[in-house]
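Going by the numbering used here, the letters in the sequence shown line up with residues 491 to 733, in that order.
Backbone N, C-alpha and C fix where the C-beta goes; we use that ideal spot for every residue, glycine too.
Keep in mind it's a predicted model, so treat the numbers as computed, not measured.
Contents: one structure, followed by commentary.
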Amino acid sequence: MTPAKSIVYLIPAFLDENNAQVIPSYVLEAVKNCEVFFVENERSARRYLKSLWKEMVIDNYQWFLIDKHASNLTKNSETHRIFRQMLAEEKNIGVISEAGCPGIADPGQSLVDIAHHTGAIVKPLVGPSSILLALMASGMNGQQFQFVGYLPIDTPQRIKALKDLEQESSIKNCTQIFIETPYRNNQLLEILLKTCLPTTRICIAANLTASTEFIYTKTAADWKKKLPDLHKQPAIFLMHSGN
Numbered sequence: 491m492t493p494a495k496s497i498v499y500l501i502p503a504f505l506d507e508n509n510a511q512v513i514p515s516y517v518l519e520a521v522k523n524c525e526v527f528f529v530e531n532e533r534s535a536r537r538y539l540k541s542l543w544k545e546m547v548i549d550n551y552q553w554f555l556i557d558k559h560a561s562n563l564t565k566n567s568e569t570h571r572i573f574r575q576m577l578a579e580e581k582n583i584g585v586i587s588e589a590g591c592p593g594i595a596d597p598g599q600s601l602v603d604i605a606h607h608t609g610a611i612v613k614p615l616v617g618p619s620s621i622l623l624a625l626m627a628s629g630m631n632g633q634q635f636q637f638v639g640y641l642p643i644d645t646p647q648r649i650k651a652l653k654d655l656e657q658e659s660s661i662k663n664c665t666q667i668f669i670e671t672p673y674r675n676n677q678l679l680e681i682l683l684k685t686c687l688p689t690t691r692i693c694i695a696a697n698l699t700a701s702t703e704f705i706y707t708k709t710a711a712d713w714k715k716k717l718p719d720l721h722k723q724p725a726i727f728l729m730h731s732g733n
């Protein structure tokens, strides 16, 4: 197979639209080198790129939505078909998720997999990742950690998942990282504090990079003394049990 000459840029997006300075200047140069964009949300992606490059003529580029449900090559979705076609045409492609870094707890990984299969050049660009920022600021183990995404919605299953994560954290000295839909944050925190041992440390990192940024690590017992209101606030939860 002759390797494709396309470059696939993994373009970070800001976590808070009022703080665009977290995006390095070299991201703009990559954007200018793209001909096609695969994005999680076209409207917000267009607005984001326009904020980086006011002279950008949006209609000069091709735009395609990333199929969130087509997470592997075997599904052969329409998104995958078009992506392969763009690579065959040796187009330079930008991949943008709704916030943060594409492919990290966000859509985009299946496109990157296709790019590697076709021999395209993959260039990840530096930018804000809420998972890494939260871990950096938590004071918890940054050598052993895992991101488990969303926990079960069903309460008994959620409690079991939290107990399992807490036990695994204690046994493996591992930081557990998870998220929730913002409007259910308060419910998750309530169950989390009821389920965990009093000495288990919990970090709550909300509104990362925003002027209202909130990052604190306390024991479950200390959090119970005064609960923050996390309703509709983008947040990440981290847990560490044991020494």
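For Thr690, there is no enclosing beta strand (DSSP E), since its DSSP letter is neither H nor E. Collapsing the DSSP output to three states places Lys715 in coil. Leaving aside the five residues that flank Asn523 on each side, the residues in its chain whose CB is nearer than 8 Å to its CB run, in chain order, Ile497, Tyr499, Asn582.
Taking 8 Å as the upper bound for CB-CB distance, Leu720 and Asn676 are in contact here, some 6 Å apart. Within the same chain, Thr685 come within 7 Å of Lys653 by CB-CB distance, once the 5 residues on both sides are set aside. By DSSP's assignment, Tyr499 forms a beta bridge with Gly584, Lys613. Boundaries of the beta strand (DSSP E) around Gln636: 635 to 640.
In the assembly as shown, Gln666 is a buried residue. Its beta-carbon has 16 or more other beta-carbons within 10 Å.
For Thr707, the enclosing beta strand (DSSP E) has its first and last residue at 704 to 709. The three-state secondary structure of Ala589, taken from DSSP, is coil. In the structure shown, Phe554 falls within a strand segment according to DSSP collapsed to helix, strand and coil.
The stretch 640 to 673 is shown to contain whole alpha helix (DSSP H) runs of 4 or more residues at 645 to 662, in chain order. Per DSSP, the continuous alpha helix (DSSP H) segment holding Met576 begins and ends at 568 to 578. Just so you know, the alpha carbons of Met630 and Thr569 end up roughly 38 Å apart. Between the beta-carbon of Glu530 and that of Asp596 there is about 7 Å, and that keeps the pair under the 8 Å contact cut. By the Cβ criterion, the stretch 599 to 609 is in contact with the stretch 572 to 580, since at least three pairs of Cβ atoms, one from each stretch, lie closer than 8 Å.
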